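Residue numbers (the working numbering): 42 to 196.
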């Protein structure tokens, strides 16, 4: 009986730990100041663990056409950010696919996690697009994407 109880308790702990991990994608402490200065000047500084190494290489090699904007930076800054993103890219299989169109929002895990969000919600002025994580995920800037801490703007 004691073995079954211990097994059950262990199983529960693993389940809750994996759910907690999935909701937290912290920004590595060694983020270069250039990442915040350059990337977060237009959008949130996405935790590098949200994309695979290849996806980050693709993003960083096409900054002159960065989703309709020229986000080019000098060669030294580009190398610094690219190196850091690759070093901290997704290693878990869940996030390691090469993102279609280099977009986090086109990955299978993102689509699966947001399948209940109606299309009209993405168009609300307070949301604007699926890439605006902070519109609904209150602690997105801290890398916390918990389903328990969501506020969907009414408009």
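Ideal placement from N, C-alpha and C gives every residue a C-beta, glycine not left out. Being a predicted model, the structure only gives us computed values, none of them experimental.
Margin query: Beta-carbon within less than 7 Å of residue 196's beta-carbon, same chain only, minus the 5 sequence neighbours each way: which residues are those?
Written below: Within the chain shown, numbered from 1, the residue matching residue 196 stands at position 155. Residues 165, 166 and 167 of the same chain have their beta carbon placed closer than 7 Å to that of residue 196, with the five preceding and five following residues left out of the count.
Next item on the list: Kindly indicate the opening and closing residues of the alpha helix (DSSP H) around residue 117.
Entry: Position 76 of the chain shown holds residue 117. Looking at the DSSP string, the run of the alpha helix (DSSP H) that includes residue 117 is 116-128.
Item checked: For residue 191, the three-state DSSP class (helix, strand or coil) -> For the purposes of this step, residue 191 is taken as the residue at position 150 of the chain shown. Strand.
Next item on the list: Tell me, please, which residues DSSP counts as bridged to residue 110.
Entry: For the purposes of this step, residue 110 is taken as the residue at position 69 of the chain shown. Paired residues: 107.
Note to self: On the CB-based measure, 16 or more other CB atoms within 10 Å of its CB, does residue 194 come out buried or exposed?
What the structure shows: Within the chain shown, numbered from 1, the residue matching residue 194 stands at position 153. Within 10 angstroms of the beta-carbon of residue 194 lie fewer than 16 other beta-carbons, which makes it exposed.
Check: Counting Cβ pairs closer than 8 Å, one from the region 146-160 and one from the region 105-112, do we hit at least three?
Finding: No: the two stretches stay apart, fewer than three of their Cβ pairs being nearer than 8 Å.
Next item on the list: Go ahead and label residue 83 buried or exposed: buried means 16 or more other beta carbons lie within 10 angstroms of its beta carbon, across all protein chains shown.
Entry: Stepping through the chain shown from its first residue, residue 83 is reached at position 42. Exposed, since its Cβ has fewer than 16 Cβ neighbours within 10 Å.
Check: Does DSSP classify residue 158 as helix, strand or coil?
Finding: The residue given as residue 158 occupies position 117 in the chain shown. Per DSSP, reduced to three states, the secondary structure at residue 158 is coil, with no helix or strand assignment.
Note to self: What residue range does the alpha helix (DSSP H) around residue 99 cover?
What the structure shows: What you label residue 99 is simply residue 58 of the chain shown in a count that begins at 1. For residue 99, the enclosing alpha helix (DSSP H) starts and ends at 94-101.
Check: Beta-carbon separation of residue 143 and residue 69 under 8 Å?
Finding: Numbered from its first residue, the chain shown carries residue 143 at position 102. Numbered from its first residue, the chain shown carries residue 69 at position 28. Against a cut-off of 8 Å, the Cβ pair of residue 69 and residue 143 comes out as no contact.
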